[in-house]
Every structure is written in structure tokens, then in C-alpha cells.
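Q: Mind having a look at this structure? Questions to follow.
Residue numbers (mature numbering (1 follows the signal peptide of the UniProt record, and there is no 0)): -18 to -1, 1 to 401.
So, in C-alpha cells, the structure goes:
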């Protein structure tokens, strides 16, 4: 962990009482020196005392821009009348007395105004943290702090080319998430760390960042994080799955070989930054199940398989496959390598259309058959009635003809009678 301390000092003409500054080997300090506004245009410097001499470590005439000289940087902020001096990668040899000063010309006499700084360097492993993430995905960086600072404000910002950048994202006192564009920050006071969440990573995000705790008005402690954003993921980083209620879903999440031995997880995004854990698998070849979800890590193929049985509409949402990198340590962070957009729908629309069409066809067929049968039955009835009428008429005609025949047969009898 790399720690940087900020100290606010005041420049005086005779050196005055020296100021005590403590840094850590491998880390760095950031010293702020105030001066009177009448000296805005004067040259500023920072030197280390050696006997009666104080050779310059850095001396600048430039205003409102960072100037670098090896491990030293200086920024003259004329608006606030402050000089910022940063010493990086401290070593025990940096122990000693320094002067933060201004060149002053009084008539023809060159003199200076300065504040003397006594720098102490403690031995410690304050090396920068390294975080690797992937373009198009997201990352969650953990910034650990000591319990005595849990109620202090926290912040996170990028150091541009080893220089401080002042547009910070800060935590809120009520422990809520604070957002600024693609960056979010949240202070987990009970756990003793704050989280920095970066979305939609791009390669330009690569660089050094500061996890900062404001200790007082005069000092801040920083943990330096070196973020490397690569295009290392050659496979699909985001997919969209549409599943019908009651069906099953299986998704494979590929991950880089560098995360082979890391714990894998599946989480569901519930807010802008918060991603609530659903499952975590910690061993190779083991299937972990919780409710309808299961997670299986095949470390030989670098694939973690997500399975969901009998989905419901409540399962819809944005999920992420990811890995924990030493999350329980002070240097832990999380990488997210695949986004799963899950949409669960009710009865399939296509099936509904097909069923509706078939129902209409069946209804039409039934109606057609009904009408046809009715017409046929009616026709048959009419034909039966007509046949009956014909038979009756035929019978009447036969009877009539038979009667006429009988009458005509009597004639010969009468013809033979002689009176």
C-alpha cells in the first residue's frame, strides 16, 4: 500500500520553526506551502539542506502547471497562493531537512522566504497496488483504511502523469453511493474499507489513482493504485438472453487464464453500482447451487457455467460473471468479465399467435361443417317431403284411373241390355 501525506505549511521569511512530516518507505508525501498573494509571480523552489547549503531539488517559474524533476514535482497555484510539492517513491535516504521557498528580490539583494520541513521516513512495504481490468467491462477496487479513520471523508481521483488531479469523487456521510459519471464510491465503515466502482472501462482509464482519506485539514493519506485496462478479452463480453417462464437457461462465461485460481461469482445489478451476489464458487470442478441458480468453474477450460432452472419473471435483470482477486486482503479487487442481460417473458408470443390462428381455423372449420350438415339435413327433409307428396299424388292418380276403368267396364253390360 502506497501512502501519501498532505501537509499545509506557511512560508516565513526567517525559516521559523520547522514542520514535521512523516512518510513511509516506498510511498510518498505531498506537501502544501502557503504564501502571500504579493509573491504570486516569484520563482518557487524545494531544496534539501546539506550543511550550510541547500541545493535545489526542483525550481520552477511556471505557474498553474505541474513541473517534474525525477521523483519531485511542484505546482504553483497562484489562485490559492499555494505551492504543492510531491515526493514519490520515498527511501530512508530521503530523511532530513528541506526548504519550501520563494526567491525574493529586495532592491538589488536576492534573498528567499521559506518554510523548513523535517522529513522522517519510516521503513515499510508501501509499494503501489496493481489492478488489471478489461475494456468494456467494470471493476471494483477496495481501499482499506484503519479504524480510526472510519468517520473521515474518503475520495478517489486520478494522478495524471504523476501529478495530482483535483476533480475528486468523494464519499457521502450517510454511507450512500456517490456517483460521478462512470465512477461510484461507497464507504463500508463496518468493514473498514471503501469501494470504488468503475463502469464501461476504456484503455484511457489506465494510470495511477489515489484512494484518499482526509485525516485533518492539514493532512491526507493516500493509497496509490495503478490501474491497467487492457483489451485482453477476445470473447463476447455481453449477451442478451430471452427465456420463457418455466424454462431453463445455461450460459458459459469465459475468463482470462490469469484468473484461473481466483474465486468466481455471479451477481445481479440492483442499482447504478451495487451488484448483489447470487453465488460464489471457490473450487475447481465443483458445482455450487443456491435456489434455482448454480455455478460451475472449469479451470482447465477457463469457463464458469451459469445455470438457472425454471425461470420466473422476477429473474429478469442484468447479471455479471466475475472474479475476486485477493478480495479479503488489503489489495483486493474484483473484475467483471461478462454481462448477461436476462429477459423472462410469459407465454411465447409466437405460440400465442399460432394457437390463435389454429383456433380460428378450427372454429371456421366447425362452423363450415355445421352449416353444411344443416343445409344437407334441410335438403334431405325437403326431398323427403316432396317424395311423399309425389307418392300421394301418384296414389290418387292410380285410384282415379282405377275408378274410371270400372265405370267404363259397365258400358258393355248396358249395351247388351234389350228392352
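Backbone N, C-alpha and C fix where the C-beta goes; we use that ideal spot for every residue, glycine too.
Are the Cβ atoms of residue 4 and residue 104 separated by less than 8 Å?
A: Their beta carbons are under 8 Å apart, which means residue 4 touches residue 104 by this criterion.
Q: How close, in whole Å, do the beta carbons of residue 26 and residue 56 come, if the pair is a contact with beta carbons under 8 Å?
A: At roughly 6 Å, the Cβ-Cβ gap stays under 8 Å, so residue 26 and residue 56 are in contact.
Q: Quick one, are the C-beta atoms of residue 76 and residue 101 less than 8 Å apart?
A: Taking 8 Å as the Cβ cut-off, residue 76 and residue 101 qualify as a contacting pair.
Q: Count the other CB atoms, across all protein chains shown, that sit within 10 Å of the CB of residue 410; report buried if there are 16 or more and exposed otherwise.
A: Only positions -18 to 401 of the chain appear in this structure, which leaves residue 410 out of reach.
Q: Determine the burial state of residue 387: buried for a count of at least 16 other Cβ atoms within 10 Å of its Cβ, exposed for fewer.
A: Caution applies to residue 387, whose pLDDT of 47 falls short of 50 and renders its modelled position unreliable; the model cannot decide the point.
Q: Helix, strand or coil for residue 130? Go by DSSP, reduced to three states.
A: Helix, per DSSP.
Q: Please identify the residue among 347, 78, 287 and 153 whose C-alpha is closest to the C-alpha of residue 246.
A: The shortest C-alpha separation from residue 246 is found at 287.
Q: Grouping DSSP H, G and I as helix and E and B as strand, with all else coil, what is residue 23?
A: The answer is coil: DSSP assigns residue 23 none of H, G, I, E or B.
Q: Using the C-alpha atoms, what's the distance from residue 64 back to residue 165?
A: Answer to the nearest angstrom: the Cα atoms are 29 Å apart.
Q: When the distance is taken between beta carbons, is residue 307 closer than 8 Å to residue 403?
A: No answer is possible for residue 403: the residues shown for the chain start at -18 and end at 401.
Q: Can you grab the Cα-Cα spacing for the pair residue 326 / residue 261, in whole Å?
A: Their backbone Cα atoms lie some 20 Å apart in a straight line.
Q: Under 8 Å by Cβ, that's how I've got residue 209 and residue 113 pegged, so tell me the actual separation to the nearest angstrom.
A: That pair is a contact at about 5 Å.
Q: Could you check how far apart the C-beta atoms of residue 218 and residue 231 are, in whole angstroms? I think they sit under 8 Å.
A: The Cβ separation is near 16 Å, so there is no contact.
Q: For the beta strand (DSSP E) containing residue 229, list its first residue and its last residue.
A: That residue, residue 229, is in no beta strand (DSSP E); it is neither H nor E in DSSP.
Q: Along the chain, where does the beta strand (DSSP E) containing residue 406 start, and where does it finish?
A: A question about residue 406 goes unanswered here, because the residues of the chain that appear run from -18 up to 401.
Q: Under the assumption that residue 183 contacts residue 119 (Cβ atoms under 8 Å), give the Cβ distance between them as a whole number of angstroms.
A: Sure, about 6 Å apart at Cβ, within 8 Å.
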